[in-house]
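Anchor point for the sequence shown: position 613 equals 1082 in my numbering, and the numbering is continuous, going up by one each time.
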Amino acid sequence: MKKFLLLLLIVLAFTSGICQIQWPAISQQTKPWARWWWEGSAVNKKDLTANMLDYQAAGLGGLEITPIYGVHGYEKEFINFLAPQWMQMLDHTIKEAKRLDLGIDLANGTGWPFGGPTTSDKDASKTILYKTYTISEGEELKENIIYTQEKWIRVANDKQPAIEEINRNIPENKNLQSLALDQVKFPGHLPLQSLMAYSDKGTIINLTGQVDAGGKLNWKAPPGKWTLYALFEGLHGKMVERAAPGGEGYAIDHFSREAVKNYFRKFDDAFRGYDISYIRALFNDSYEVDDARGQSNWTPRLFEEFQKRRGYDLRDHLPALFKKADEETNSRIIYDYRSTIDELILEYFTKQWKSWGDTKGAVIRNQSHGSPANLLDLYGAIDIPETEGNDIPRFKFATSAGNVMGKPLVSSESATWLNEHFLSSWGDVKKVLDLFFLGGVNHIFYHGVNYSPKKEEFPGWLFYAAVHFQQTNPQWKDFHALNNYVTRTQSFLQKGRPDNDVLMFYPLADRYQEPGNNLLQHFDNMEHEFNGTDFQKLSEWMLTNGYGFDFFSDRQLQNISFTGDGLMTGGNTYQTILLPANKFISEKSLQKLVDLAKAGAKIIVYKNLPSDVPGFHKLQDRRVLFQNMIKQFQFTGDGSIKKSVMGKGAFMIGNDMTTLFEEAGIRRESLPEKGLSFIRRKNPDGYTYFINNRSDKIVNDWIPVNTKASSVALFDAMVGIKGLAKWKTASTGAIEVLLQLQPFESVIVQTFNSKKTGQVFPYIKAVGSAQPIHGEWTIEFLNGGPAVPAKTTVSKLSSWTDLEGEDVKNFSGTAKYSIRFEKPAGNSFAWLLELGQVNETAEVFLNGQKIGTLIGPKFQVVISRENFKQANTLEIIVSNLMANRISYMDRNNIHWKKFYNTNMPARRRENTKNGLFDASAWKPLPSGLSGPVTLAPVNYE
């Protein structure tokens, strides 16, 4: 009998475990992380630990250390980057992080881009400039072959020095933090790299060796008219932006193997003797080398690299490089030049950095955007692609590369410059975080938290980019609510695999073939680089019509295979490939597409097939291969879609995407028709949908979800509740789920192929009208400043800035609102407490019991009737923004903008005074609880 009971208990325990719905496990990685600025690296062990304890308590999972410029008045505490003392601070941080279970990433430099005092002129970024000369038969050039560079200096502050004051050996300048150099070009003659002569008869002569040290050309022109192209190499002059002490200097040449290799040597030297194994990732903050005058468009070995990779001498085609040949030749030569730069930054910077990181036991986290190269390949070559911004098509470059290459994490620099300084609430931040989630991000990095000494007065040490996730922010006490939301959401989004159906070809060749005004093109987002293209239009169309998709590159195409389940890449399965009416495609890529079709793939062609191969190298040979493949296509059909069957698969071409996708059997979600946005992931036992209501309308409806299921559960990541959903099977075999979503609210829908048990998700139904809570409200200001206002009572709620006196108008901090009220009449199961207008976060207590923390955009919470007594005390603790106190400080000339470099620029021009952010003209912003506060009877459905 005992044996039987024991066996029964084991079986019950096991079946209970597999049947109950559960939140995924929480880890360091599922929590949000933050960029952690060390201003001036003026850190000490005591305050490092104190700050980290705050971050841990707030629910952060990890920190990325990024040293930047310093704070005036703390110069004696500055620590040079990678100096022995700096390494001691890093060592302490690592040990404390380990103790506190906080992860640590480290920027592989200070500020951005990579560079600094060890970057010599030889290793610094370069630019190429040219001059042309004309000469006829029998003539000698009278003019010397000389390019005189004019002086140029740009700084990050308003203290422009004369260039004559700057030591040409940049690290030897004694006041680099004050100088805040952004770009420097010293006057003088630039060295000649090449002199080529082109005759009207087609003859080409290399004259480089016939120019003496003074620029005199010792050459008499042969028969014909000649145009001479002289190329001169100069330093681009770009400095490390926002550099920390010991990090100032030139940006590196990202196209040079030796320059990149030399850059990492200083880290090898500094790390020697220290255990850095706890550092998870090494980080780079976007390319931004050409956030400057001119372009870093050259590297000393470019001619050799070009010859090796393209198979011909670029010097034979300098007129075309500079748009002086016929239009087609111009476009093909510039394509080959850009392709060479593309390969150099991929191989010599990105992959070499990845290999170096491997030797340190660290993964690589990179913001590839802004680079003059294929973003998908750069993102795909590292471990954690990172994006930023505020639109999904931009995020898609990082998340697509992550999905196509099988990366488990894609991160985001989140909430950068979200609003003007001091105007962002946690509710505002949540909106943008949801957008990142919808774009495929599953690893949030706040931008960011700033190390600040505990003794520092309000507002403490701040970074210049707007959102201030600081302990001095009154909302800090409720930061945990936002972080808990992110943690729960990411616990789902880091599980399973992405589940997009469409692979859309990235038509980079079309862009590389456009000559433009500059040699380089930089790729950062969809809007600027592909505005008005079919590539952009199709991306937006798929987003708004419920199709999941990723981009892929030519290189990534070679790794795609077809099985009976579909197109496979990076461990993920797709249903089709889409060509977005691109004009150019390489013969190698076209052959791969044909091979995939023959294996069984469905290839959708929007409008037209590509018509040509890009580039100049062996053009005719490649065109023959291309045309021979095109001849294999035999499109037939009388309707809007024509099909060319190849082997087991086919190419389908047409102008109507809806019809094309229907013909190909591509899955569509109709959530957008209900005003909902989503992203879907696949699990071994079903699917995960993250669904977000990005409208200002309430959703209370049956929502179609295009999958089958045996059970469906809902998870509210903000509140932390879960339960079995109400759902039904539609005539199509797919399911419909009942969802109730406030504006900008999110929910996670989990479908299961097996039966699950548990409580039903608490849907609510109004069973009566909302009743206002009347009476006297006591307002007690708890903490903040500049002065804590006196306790008061009001009978009607409004912003606390409407109260009498100046203290309330200047106050940033926290206040407690209290009221006593009788138990509401009625027999409902629960009551919906609606707070009305709240500025900006609120903790709700009923009869001393905490009900919840609310960060908006809506401020409401359901309270079960068991929580009510006959006589009740409601307490609402509200925190406002930093803005009113900052405005007071600016009006009274209280000095807080004390940072080196760019200091504290305004996001909006109207908030600028004397070159810096200024809030002195701001009126007091609404603060506190304005209501109306109501209770509405509800029942659980």
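We put the beta carbon where it would ideally sit given N, CA and C, even for glycine.
Here the structure is a predicted model, which is why all the values come from computation and not from measurement.
For Phe-906, which residues from the same chain have a beta carbon less than 7 Å from its beta carbon, with the 5 sequence-adjacent residues on both sides left out? Thr-958, Leu-962, Ile-1148, Phe-1159, listed in sequence order.
Close-in-space but distant-in-sequence residues of the same chain around Arg-1360 (CB under 6 Å, 5 per side omitted): Once the five neighbours on either side are set aside, the close Cβ partners of Arg-1360 are Ser-1389.
Roughly how many angstroms lie between the CA atoms of Gly-1253 and Phe-1280, to the nearest whole one? Taking the straight line from one Cα to the other gives about 7 Å.
In the DSSP assignment, find the alpha helix (DSSP H) that holds Gln-959 and state where it starts and stops. Unbroken alpha helix (DSSP H) run through Gln-959: 948 to 962.
Report the residue from Ala-666, Asn-687, Lys-600 whose alpha carbon sits nearest the alpha carbon of Leu-659. Minimum Cα-Cα distance from Leu-659 among the listed residues Ala-666, Asn-687, Lys-600 corresponds to Lys-600.
Tell me the start and end of each unbroken beta strand (DSSP E) in the region 570 to 611 that is at least 3 residues and wholly inside, in chain order. Whole beta strand (DSSP E) segments, 3+ residues: 572 to 576, 595 to 605.
For a test of the three-state rule: what should DSSP assign to Leu-751, helix, strand or coil? The answer is strand: DSSP assigns Leu-751 an E or B state.
Using the beta-carbon count (16 or more within 10 Å), is Arg-1092 buried or exposed? Exposed, because fewer than 16 other Cβ atoms sit within 10 Å of the Cβ of Arg-1092.
Could you name the residues of the same chain whose beta carbon sits closer than 6 Å to that of Ile-1204, not counting the 5 residues immediately before and after it, in chain order? For Ile-1204, where only same-chain residues beyond five positions count, the Cβ hits under 6 Å are Val-1174, Ala-1178, Trp-1196, Thr-1198.
Going by Cα to Cα distance, which pick from Phe-864, Ile-614, Glu-889, Ser-824 is closest to Phe-1020? Ranking the options by Cα distance to Phe-1020, first place goes to Phe-864.
Pull up the CB-CB distance for Val-1168 and Gln-1209, whole angstroms please, since I reckon it's below 8 Å. Contact holds; Cβ gap of about 7 Å.
DSSP three-state assignment for Gly-1189, whether helix, strand or coil: Collapsing the DSSP output to three states places Gly-1189 in coil.
Please say whether Gln-618 and Gly-703 have beta carbons closer to each other than 7 Å? For the 7 Å CB-CB criterion, Gly-703 and Gln-618 form a contact.
Distance, Cα to Cα, Asn-1014 vs Lys-900? Asn-1014 and Lys-900 have their C-alpha atoms roughly 21 Å apart.
Tyr-975, buried or exposed, once every other Cβ within 10 Å from all chains shown has been counted against 16: That one is buried.
Sorted by chain position, which residues of the same chain lie with C-beta nearer than 6 Å to Glu-757's C-beta, five sequence neighbours on each side aside? In the same chain as Glu-757, and ignoring 5 residues on each side of it, the C-beta atoms closer than 6 Å to its own belong to Trp-581, Pro-582, Gly-839, in chain order.
Quickly, what does DSSP pair Arg-623 with across the bridge? List them, please. Under DSSP, Arg-623 shares a beta bridge with Gln-652.
So who's on the other strand from Tyr-1357, going by DSSP bridges? Beta-bridge partners assigned by DSSP to Tyr-1357: none are found.
Given a cut-off of 7 Å, decide if Pro-1083 and Tyr-804 are closer than it, judged by their beta-carbon atoms. Yes, the pair counts as a contact, with Cβ atoms nearer than the cut-off.
By how many angstroms is the C-alpha of Val-1063 removed from the C-alpha of Arg-779? C-alpha separation (whole angstroms): 25 Å.
Considering only the alpha carbon of each residue, which of Leu-988, Gly-826, Pro-1406 lies closest to Ser-808? With distances taken between Cα atoms, Ser-808 lies closest to Leu-988.
Contact between the region 942 to 951 and the region 982 to 999: three or more CB pairs below 8 Å? No, the region 942 to 951 is not in contact with the region 982 to 999.
Compare the Cα-Cα distances from Phe-1104 to each of Ile-861, Gly-1123, Gln-1089 and report the closest residue. Looking at the Cα atoms, Gly-1123 is the closest of the given residues.
Express the C-alpha separation of Gly-693 and Ser-1058 in angstroms, rounding to a whole number. If you take the alpha carbons of Ser-1058 and Gly-693, they lie about 43 Å apart.
Compare the C-alpha of Tyr-1016 against each of Ile-810, Ser-755, Arg-1136 and name the closest. Residue nearest to Tyr-1016 within the set Ile-810, Ser-755, Arg-1136 is Arg-1136 (criterion: CA-CA distance).
Distance CB(Val-1402)-CB(Ile-1242) smaller than 7 Å: It is a contact, given that the beta carbons lie within the stated cut-off.
Rounded to the nearest angstrom, what separates Phe-999 and Asp-722 at their Cα positions? Between Phe-999 and Asp-722, the alpha-carbon positions lie close to 27 Å from each other.
Put Asn-520 into one of helix, strand or coil per three-state DSSP. Asn-520 falls in the helix class under three-state DSSP.
From the DSSP output, in three-state form, read off Leu-659 for me. Note: Leu-659 maps to coil in three-state DSSP.
Kindly indicate which three-state DSSP category Tyr-981 falls into: helix, strand or coil? Tyr-981: helix per DSSP, three-state reduction.
In angstroms, rounded to a whole number, what distance separates the CA positions of Leu-476 and Thr-1226? Unreliable positioning characterises Leu-476 in this predicted model, as indicated by a pLDDT of 30, which lies under 50. A coordinate reading is not provided.
What residue range is occupied by the uninterrupted beta strand (DSSP E) comprising Glu-508? Start and end: 502 to 508.
Counting only the same chain and skipping the five closest in sequence on each side, list residues whose C-beta sits under 6 Å from that of Gln-1306. Answer for Gln-1306: Ser-1399, listed in chain order.
Close beta carbons around Ile-479, own chain, < 7 Å, minus the five adjacent residues each side: Since pLDDT at Ile-479 reaches only 31, below the 50 mark, its modelled position is unreliable, and no value is offered.
Mind checking who His-912 pairs with in its DSSP beta bridge? Looking at the DSSP assignment, His-912 forms a beta bridge with Ser-880.
Could you name the residues of the same chain whose beta carbon sits closer than 6 Å to that of Pro-854, not counting the 5 residues immediately before and after it, in chain order? So the qualifying residues of the chain are Tyr-848, Ala-867, Ala-870, Gly-871, Val-879.
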